[in-house]
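**Q** Sending over a structure as structure tokens; questions will come in a sec.
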Amino acid sequence: MPVRPALPEDVPALADLAAATFPLACPSHLSREAIAGFIAESLSVACFSGYLQDPQRVVLVEESGGVLGGYAMVVLGDPADPEVAGAVTGRPTAQLSKCYVAADHHGTGVAGSLITACLDVAGGRGAKSMWLGTHQDNTRAITFYTKHGFTVVGRRRFTIGGRQEDDVVMERLLPGSSPAHGEPPSVGRR
-3 MPVRPALPED VPALADLAAA TFPLACPSHL SREAIAGFIA ESLSVACFSG
47 YLQDPQRVVL VEESGGVLGG YAMVVLGDPA DPEVAGAVTG RPTAQLSKCY
97 VAADHHGTGV AGSLITACLD VAGGRGAKSM WLGTHQDNTR AITFYTKHGF
147 TVVGRRRFTI GGRQEDDVVM ERLLPGSSPA HGEPPSVGRR
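All residue numbers for the sequence shown refer to the working numbering, where the first residue is -3 and numbers rise by one.
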């Protein structure tokens, strides 16, 4: 699958793709208003324009025939959340902040191509691990990330629509790295 860095001209299509795909990963109990609020606050055209200008972020897209089939975002640097910082063992680290694929591209290999590209970006920028958070009930995502070498290392709280949600924190050590303090990468923490 052709994965490349996002360009400024991709921003409107990225925002549209984000608005279409984010609800697919949300727990069923979240209200439409909460989801719409998150999209407006974090996945708008203005947000993606800012993400592309941020040197600590890399936005990647999969494009086939002029259509974006998926996107992902890597955020370089240590986690700001103390729970996540305590759970992630490989330093320096990078976050897989977003990885979403259009519904009509599910099962085509787009997500795997995006993950591979994100891991390459993180490793190329000196990261020793990559971490992510996903809702604890999102078994499809957890299964997918496990298949790609991530293991559950902890938990975090994620606020959306004023409601606290429970996420699992998953981490994958990158080639040539080892966990901090000699702990195996599969050690789970609360």
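For glycine and all other residues, C-beta sits at the position ideal for the given N, C-alpha and C.
Does DSSP classify Ala90 as helix, strand or coil?
**A** On the sequence shown, position 94 is the one that residue 90 refers to. Strand.
**Q** How should Gly62 be labelled, buried or exposed, when 16 other C-beta atoms within 10 angstroms of its C-beta is the threshold for buried?
**A** As a first step, residue 62 must be located in the sequence shown, where it is residue number 66. Counting other Cβ atoms within 10 Å of its Cβ, Gly62 stays below 16 and is therefore classed as exposed.
**Q** Residues in the same chain with beta-carbon distance under 6 Å from Leu128, minus the five sequence neighbours each way, listed in chain order, please.
**A** For the purposes of this step, residue 128 is taken as the residue at position 132 of the sequence shown. Contacts found: Leu92 and Met166.
**Q** For Phe44, is the classification buried or exposed, using 16 other Cβ atoms within 10 angstroms of its Cβ as the cut-off for buried?
**A** Locating residue 44 in the sequence shown gives position 48, where the first residue counts as 1. Classification for Phe44: buried.
**Q** Check the DSSP bridge columns for Arg159 and list the partner residues they point to.
**A** For this step, residue 159 is matched to residue 163 along the sequence shown. The partner list for Arg159 (beta bridge, DSSP) reads Ile156.
**Q** So, at 7 Å on beta carbons, what are the nonlocal neighbours of Pro8 in its own chain, with the 5 sequence-adjacent residues on each side left out?
**A** If you number the sequence shown from 1, residue 8 lands on position 12. So the qualifying residues of the chain are Val41.
**Q** If you draw a straight line from the alpha carbon of Ala2 to that of Leu48, how long is it in whole angstroms?
**A** Residue numbering aside, residue 2 sits at position 6 when the sequence shown is read from its first letter. Residue numbering aside, residue 48 sits at position 52 when the sequence shown is read from its first letter. Spanning the two alpha carbons is a distance of roughly 7 Å.
**Q** Within 8 Å, do at least three Cβ pairs link the segment 18 to 36 to the segment 79 to 91?
**A** no
**Q** Taking the C-alpha atoms as reference points, what is the distance between Glu79 and Asp6?
**A** For this step, residue 79 is matched to residue 83 along the sequence shown. For this step, residue 6 is matched to residue 10 along the sequence shown. If you take the alpha carbons of Glu79 and Asp6, they lie about 34 Å apart.
**Q** Give me the Cα-Cα distance between Leu56 and Ala68, rounded to the nearest whole angstrom.
**A** Stepping through the sequence shown from its first residue, residue 56 is reached at position 60. Stepping through the sequence shown from its first residue, residue 68 is reached at position 72. A direct Cα-Cα distance of roughly 5 Å separates Leu56 from Ala68.
**Q** At the level of alpha carbons, what is the spacing between Ala113 and Val(-1)?
**A** Locating residue 113 in the sequence shown gives position 117, where the first residue counts as 1. Locating residue -1 in the sequence shown gives position 3, where the first residue counts as 1. Distance between the alpha carbons of Ala113 and Val(-1): 7 Å.
**Q** May I have a chain-ordered list of the beta strand (DSSP E) segments no shorter than 3 residues that lie completely inside the segment 52 to 83?
**A** List check, beta strand (DSSP E) in window: 53 to 60 and 63 to 72.
**Q** Can you check whether the CB of Arg168 is closer than 8 Å to the CB of Ser125?
**A** For the purposes of this step, residue 125 is identified with residue 129 of the sequence shown, where counting begins at 1. For the purposes of this step, residue 168 is identified with residue 172 of the sequence shown, where counting begins at 1. Yes, these two residues count as a Cβ contact at 8 Å.
**Q** Could you tell me which whole beta strand (DSSP E) segments of length 3 or greater appear in the segment 107 to 139?
**A** 125 to 131
**Q** Who are the near neighbours of Leu72 in its chain, counting only those whose CB is closer than 6 Å to its CB and skipping five residues on each side?
**A** Here residue 72 refers to the residue found at position 76 when the sequence shown is read from its first residue. Taken in chain order, the residues that qualify are Gln52, Ala90 and Arg121.
**Q** Please classify Phe146 as buried or exposed, where buried requires at least 16 neighbouring CB atoms within 10 angstroms.
**A** Taking the first residue of the sequence shown as 1, we reach residue 146 at position 150. It is buried - the Cβ of Phe146 has at least 16 other Cβ atoms within 10 Å.
**Q** Cβ atoms of Gly65 and Val117: under 8 Å apart, would you say?
**A** Within the sequence shown, the letter at position 121 stands for residue 117. Within the sequence shown, the letter at position 69 stands for residue 65. Not in contact: Val117 and Gly65 (Cβ atoms no closer than 8 Å).
**Q** By how many angstroms is the C-alpha of His144 removed from the C-alpha of Gly189?
**A** Any property of residue 189 remains undetermined from this structure, which presents the chain solely from -3 to 186.
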